[in-house]
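To keep things clear, I will list the structure first and then write my remarks on it.
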Amino acid sequence: MCKITEELQQIAAELLKEGKVDLVLGYTKGEQEEQSVPCIVTQPEDASKLIFDEYSEKALSKYLLEESFQDKKVAIVLKGCDQRAFKLMQDESRLGREDVYLIGVECPGMKWGEDLSPFCLHCDYRTPAKEDVDSLLTGADIPEAMQGEPLDHEDSFTDINRLEKMSKEERFEFWKRQLNRCKRCYTCRNACPVCTCRVCVFDRENPDYIDRAKDQMAQHQFYHVIRAFHVSDRCVSCGECARVCPEGIPLHLLNQKLLRELDKFYGEYQAGIDEVPTPLSHANADEPDFFGKEGKA
Amino acid sequence: MLGYYPGCTVRAQKEDGFEQESLAILAALGIKAQELEEWECCGAVYPMAQDEYVGLLASVRALNQTEKEEKDGLLTLCSACYHVLKRVNVRMKNDEEAQKRVGNYLEMDYKGQTEVYHLMEVLRDMVGMNSLKEAVTEPLKNEKIASYYGCLFLRPQKEINLVDGENPQLMEDIVRALGAEPVTYPYSTDCCGSYHTCQEEGVSRQMSLKLVESARRAGATQMITACPLCKYNLEKCQESMEKEEKLPIHYMTVPIVKAMGGMKTLERKGEAHAYSAENSSQSSA
Amino acid sequence: MMQDTFEPKIIAFCCNWCSYAGADLAGTGRLKYPENIRIIRVPCSSRVDSALVLRAFQNGADGVMIAGCHPGDCHYDTGNYHTRKRMMLLKSLMEFMGLDEERLLVKWISGNEADRFKDTVESFTSKLKKMGASGKVRDLRCAK
Amino acid sequence: MRIPQKTAASHQREELADIIRKDVRDCYQCMKCSSGCPFAEEMDYMPHQMMWLTNLGLYEKILNSKSLWICASCLACSSRCPRDIEPAKVMEGFRAMILRERGRTNVSPVIPKGVPRQAVIANMRKFRR
Amino acid sequence: MKIGVFICWCGSNIKNMVDVERVAEATGKMPHVVYTQDVQYLCSEVGQSDIGNAIDEHQLDRVVIGACSPRMHETTFQQLMNRKGLNPYYVEIANIREHCSWVHTDKAKATVKAIDLVKKAVAKSYYAVPLHAESLPVNKRALVIGGGIAGIQAALDIADAGYPVDLLEKESSIGGKMAQFDKTFPTLDCSACILTPKMVEAATHENITLHTYSELEDVSGYVGNFHVTIRKRATSVDEERCTGCGECVTKCPAKVDNEFDQGHSKRKAIYTLFAQAVPNKPVLDRKNCIYFKTGKCGVCKKICPTDAINYEMEDQLIENDYGAIIVATGFELNEPTHLGEYHYGHHPDVITSLELERMLNASGPTQGKMYRPSNGKEPKRIVFIQCAGSRDRHDGNSYCSKVCCLYTAKHTILLNEKFPDTESYVFYIDVRTAGKNYEEFYERARQMGANYLRGHVSKVEPLGDSDNRLLVRGYDGSLGEQTEIEADLVVLATSIEPQQGAKKLAGMLGISSDRNGFYSEAHAKLKPVETQTQGVYLAGVCQGPKDIPEAVSQASGTAAKAIVLFNRGQVKGVPTTAMVDEELCSGCMQCKPVCPYEAISQEMITERAHGKARQRPVASINRALCQGCGACAGLCRSGAMDIGGFTGRQLLAEVDTL
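Residue numbers (our numbering), protein chains in the order written: chain A, 1 to 297; chain B, 1001 to 1285; chain C, 2001 to 2144; chain D, 3001 to 3129; chain E, 4001 to 4658.
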């Protein structure tokens, strides 16, 4: 058992025993060896179920918005990206800091199939800042690829570069192949820790932006463009959206592409680390004008 | 240890003593400078055309060489070398296009890291006016000295950044430190006629004469400069005068050497400095 | 053959204070431009969101134009700064997805630039004529 | 003077702009350049007139002027120009145009003995490419 | 829902290019459309009554008009709706004239387009919501920031209209820059003679409260309802007790440079700004006071007959509510030390125009005598340099300071009158005399002997002679020659600049500055005294260089704006503001920084869910501030934010019809 898991179980047991929290939200081993799943522990003796490993990918912070977590004192296990999401929810008044006990964990990098997730290779915020959490557990076994400087965006999301080099028609065909598999099951939206609207715009009947019954390319395009937009500057780069897609659509490339553009033209911004407002919530005269005389319009 | 860039003018006019005196003054004041292992002519003119890069190459080589030799900066005496080296350096610091073009051509990555110094700058910033004053053994009590900088040291002020280009006081401060009286005179920041001395001799003679007359009217007993060409022009315009009518024109080092007790004294002091430096470096090793 | 008869459909969102007024002035000055454009009045170009633009394409628009005040002239001070930021992103995303981003035109047209309005409509129309009909984002639900 | 039918061609104006990267149109003729030019007495066109000829596109007059070669780039004008046009740079631009086109100027450099080397080199570089 | 569609011919303007009957017919088939009609002139009496009758007859509740641009007649039709008891936002206009009949040449295509446009308007009207403008009461009290001539004028005008005004001044006396001047152009009135009565009037006016030695600390609120905190700095002199006898000033042993005289005289540490200061009570400058520096002295306290000196006095914070704020903070003069070629700061005989102004002033440091600061002798030859730091992109301000040409002409006239044997030379770039009687004034200056030389001076340098005179090196464009003058005194026409604290104040008031730091008016031509922030107005040089009459008329303009606001008694917002669907809003407040009017704030609402009452945040719109741009709605992810008259649903309906 690794050091973090050991300490985690200890803390969870103590918190529950002392009645400091009603429940602990963390991970436990799934049915398969290479799978960890969210788990809620309410009794000190169950604390031994909790683990943290390189398969603990699910962003837990979003559960806090659910009705069953309201009016309860919750302890939650957060790795870097998840803590960013928590911070953003806090900044966006979606939840308060008071009733939540944050157990920050050092993230060893999550698996992405056989390999390490490109998000993790690019991440320079694996571990939440000490002052942002109530307990911080470190000592993860860091794989070699995760040691040293994180990769540049260009080097971690190489698919974006590849796509950019294609012709327009090739790109269109690529996305057509990808998006046509979309069933609009909304798993990506549901998993995303920054998709935190009270009522999602796609669940509204009027205006009917999307017809759930229609399985059609334009509908997919609409959904994915707007989703990417809503996430863009607020993305905490956890990689959940692409990981949960049952069809394996690389839809994270869309918001990562937007992030790259935002960084390029308006300076780097990391949601959940840098202060709000996020880049799309402000604009000023000094920013580049693409649509003036010389613009690409 | 500073790198030292003699430049062709100063080297060619060795018999003037400017170089020898300058290095002796610095050595006596504890400043060490060593000639670069390799250097070539700076080009003498800063290329003003914004789309030309060839003119930058020679200077960049010297600046880069200074860094390679791990010197603390590059010392130069000649006005033209100082002007060109300093401006090329500023350009290399700020112009990305120049960095790219010159870098590709010379196969080096130079971005203006080296600092360029002139003798007067070293006296002000490394020695200090108080130390200079302390080193004066024979104050020049009866001298009224007019300082003439020459355009190359003054403009463009933003790039050269040596003195206030319209109201310079550095050489005046040195004159004060030597116990002499600085003279203020009109036209002191005007041009002496520069290289027109080759082409339109009359033009430069007339302009230099205006300067000399102005200084004389203001009561100067001598004029000093750090520019070989200015010195040449200021002297040349008085060629036809009787000896007693002439206003003596000196390199700025001449009164300094005199006030510090002459070359012999300076050389002795310099050796003492070198000896103590060697000793201290041995003891620390 | 097709190109000669093809009439593109253009939906234009025009800011009430500049471009809409510019279009009015083009009318007052009896300038002539192709009939393909349909103008929707918005208080400010920043009122337009990506969903509206996409919906227009879904709905069969061959071109969408968003016209606002010149940067620095916004009636509301900063609206067009938001527009250019948001629309730059939308255009790069469209480009990235292989959609015809050039079918989305963002243009600054002031209230006295009737000529600029006319020129813009003319050149955009002829460009779209050359490009042909847009099929990539069309929503069959909306087919009439 | 009658303004000729053809003033400087746009490619010539562009060439100048490329070399100097300054907009001479900004000149409002305050004459500060001419008031402080130490060479003014020797010039056929004053520096501010050179700027004006530039604006009017009368490049021929400039290229044939004496002033172009009298200017020694002392930068007194450039350092004081309230419009940041840097007249010395504009003059240098015209000299560069001549040198680039012909590789040399009509002036043959004189090199007397005993002149400091910096003057010799500067003089050569002004008249020869 | 019953919709009536009316298509206007506009005489032949529409009818010639659009088949209006076909348009009416086509739109008549749309759902909810119960009545259609084409009319020759809808905007005419007849047209209006046609619509009115149709509304009555068919019980229409929405009206769609196909006519000229809504920018033309929208209000006409909205008023008609009002008269008919319908909400004005139930009328929708399709622009089939400017956007259709006038710009097209093919009648068939134009008719198709017109049908589209009217259908679009009908679709939009399906989703129309009734809108009302919010109105809020106005606090009928004005704050004027800055007690110079502009501020005094604005305060007097508002006070005369019967409304209370607070006049804020950071110095110890009102009067501003004008109090430092000797005479005023073009009439040569004595500046003090015309200013002092106004100062006294302001101080004694029953509706004006003076806050001198005070600065703005904080502003919140909005038009009609500003809440302001003023910091009144400690004067160390009890205003109530002090009689202004001046004993303390006479006996104070600490002498410092007098800023009011530009350093050409000394004042005491306890002092009044100038002889006619209002209020005429001294203040103690603690930085220079010996008691405050060493703890010893206390002469003023000992000598004061009314025991008014209070060393323990502290800054006071005064809070007040105002309906309107007038900004009249004036300007500063650039100190031209950065223009090295003019030797200012290196030679005492190079002075600024304001220094000369003080010298010429009979109550100034020399009692109106001219002297050379270097040796006290009377100058015989004076050189004026214009645009010293103005119109200078290289090392100054790129704009024209506007008043220098005239005050320099004034200086030469005064010099020639008072000291006939002095010579004046003026080096200029252009002489600008746009203003009533200004050209004549310039003429007079020349006639009286001033020598104007067209050319900018390149250098002023000491001659090095025994008299310590100066060599001015210029150019005379008329002679085409370099022209040098040996001068006794050189006067620089320095540049007018915004106050140092202008940016900070702008931040507090939510107004913007232009690239030069002057405050920006709301519209360069039509709203020259208003700002982007409603209820905040601009008077005087803080908005840009101007002369006294301009500053005074602008001040009266701001007063009129404030009086209009107070008379109306309430502020009416625009009806088409943003609105929040609280059901959808999660209170994320991403919209807040987008709003240019700071109209969005967070509010807690209570809602019952799962049997419990819970508080949750939502965005809330201040409808008095919101101008309805919709930048917030364009950003809102959930669609909770919308704009009245341009709701997401309405725009979507328009898109969908096309």
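No residue lacks a Cβ here, since even glycine has one placed at the ideal position from N, Cα and C. If you're wondering where the values come from, they're calculated on a predicted model, not measured in any experiment.
Check, Outcome
"What would DSSP say about E/Pro4137, mapped onto helix, strand or coil?", "strand"
"Can we say the stretch 4335-4352 of chain E touches the stretch 4235-4251 of chain E, given the rule of at least three CB pairs closer than 8 Å?", "no"
"Short of 8 Å Cβ to Cβ, which residues in the stretch 196-207 of chain A face chain E?", "Thr196, Cys197, Arg198, Val199, Cys200, Val201, Arg204, Asn206, Pro207"
"Could you list the residues in the stretch 4467-4496 of chain E with a C-beta less than 8 Å from some C-beta on chain D, going in chain order?", "Arg4473, Gly4474, Tyr4475, Gly4477, Gly4480, Gln4482, Thr4483"
"For D/Ser3034, decide whether its Cβ has a neighbour in chain E, counting only Cβ atoms nearer than 8 Å.", "yes"
"Pick helix, strand or coil for A/Arg326, following the three-state DSSP scheme.", "This structure leaves residue 326 of chain A out entirely; chain A is present only between 1 and 297."
"Which of the three DSSP states is assigned to B/Ala1285 in this structure?", "In this prediction, B/Ala1285 has a pLDDT of 38, which is less than 50 and means its spatial position is unreliable; what the coordinates show is noted afterwards. In the structure shown, B/Ala1285 sits in coil (DSSP, three-state: anything other than H, G, I, E or B)."
"Reducing DSSP to helix, strand and coil, say where C/Ala2143 ends up.", "Interpretation of C/Ala2143 is limited by its pLDDT of 44, a score under 50 that renders its predicted location unreliable; the figure taken from the coordinates is listed afterwards. The answer is coil: DSSP assigns C/Ala2143 none of H, G, I, E or B."
"Go through its chain and collect everything with a Cβ distance to B/Gln1300's Cβ below 8 Å, but skip five positions before and after it.", "For residue 1300 of chain B there is no data in the structure shown, the boundaries of chain B being 1001 and 1285."
"If I follow the unbroken alpha helix (DSSP H) through B/Cys1198, where does it start and stop?", "1196-1199"
"Does DSSP put B/Trp1039 in a helix, a strand or coil?", "coil"
"Taking the beta strand (DSSP E) that E/Met4579 falls in, what are its first and last residues?", "4578-4580"
"Measuring straight from C-alpha to C-alpha, what distance separates B/Glu1271 and B/Gly1055?", "39 Å"
"Helix or strand or just coil, what does DSSP make of E/Ser4553?", "helix"
"Can you pull the chain E neighbours of D/Asp3084, defined as C-beta to C-beta under 8 Å?", "Arg4393, His4394"
"Give the DSSP-derived three-state secondary structure of D/Trp3052 in the structure shown.", "helix"
"Quick one: what's E/Phe4181 bridged to in DSSP?", "Beta-bridge pairing links E/Phe4181 to no other residue."
"C/Phe2013 lies in the beta strand (DSSP E); which residues open and close that run?", "2010-2015"
"If I'm right that B/Ala1027 touches B/Glu1138 with Cβ under 8 Å, what's the distance once you round it to whole angstroms?", "Not quite, the Cβ-Cβ distance comes to about 19 Å (not below 8 Å), so this is no contact."
"Please look up how many angstroms separate the CB atoms of E/Val3967 and E/Gln4386, rounded, as I've assumed it's under 8 Å.", "Nothing about residue 3967 of chain E can be read from this structure; chain E reaches only from 4001 to 4658."
"Taking the straight line between their C-alpha atoms, what separation do you get for C/Gln2003 and C/Pro2034?", "For C/Gln2003, the pLDDT reaches just 48, beneath the cut-off of 50, and the residue's location in the model is therefore unreliable, although a value from the coordinates is still provided. Cα to Cα, the separation comes out at about 15 Å."
"If you run the structure through DSSP and keep just helix, strand and coil, what is A/Val41?", "strand"
"Have a look at B/Met1241 and D/Arg3117 and give me their C-alpha separation to the nearest angstrom.", "25 Å"
"Since B/Ala1272 sits in a beta bridge, which residues does DSSP pair it with?", "Its beta-bridge partners do not exist; DSSP assigns none."
"Kindly say whether D/Val3110, judged by its beta-carbon, lies nearer than 8 Å to any beta-carbon of chain B.", "yes"
"8 Å is my cut-off, CB to CB: does C/Glu2113 come that close to chain E?", "no"
"If you compare alpha carbons, which of A/Gly248, A/Tyr269, A/Gln70 is closest to A/Arg97?", "A/Gln70"
"Can you name the start and end residues of the beta strand (DSSP E) that E/Val4472 belongs to?", "4470-4476"
"Do you know offhand how far E/Lys4084's Cα is from E/Ala4522's?", "36 Å"
"At a Cβ threshold of 8 Å, is D/Pro3116 touching chain B?", "yes"
"What do you get for D/Ile3003, buried or exposed, if any count of 16 or more other CB atoms within 10 angstroms of its CB means buried?", "exposed"
"Can you grab the Cα-Cα spacing for the pair A/Trp290 / E/Ala4409, in whole Å?", "Trp is not the amino acid found at residue 290 of chain A; the sequence shown has Phe there. Cα to Cα, the separation comes out at about 49 Å."
"Does the ligand PLP have even one heavy atom less than 7 Å from the beta-carbon of B/Ala1220?", "The ligand PLP is absent from the structure shown, which contains no ligand whatsoever."
"Residues in the same chain with beta-carbon distance under 6 Å from B/Tyr1117, minus the five sequence neighbours each way, listed in chain order, please.", "Gly1073, Leu1075"
"Can you pull the chain E residues whose beta carbon is under 9 Å from the beta carbon of C/Ser1946, in chain order?", "Limits of chain C in this structure are 2001 at one end and 2144 at the other, which puts residue 1946 of chain C out of reach."
"Using DSSP with H/G/I as helix, E/B as strand and the rest coil, what is E/Phe4518?", "coil"
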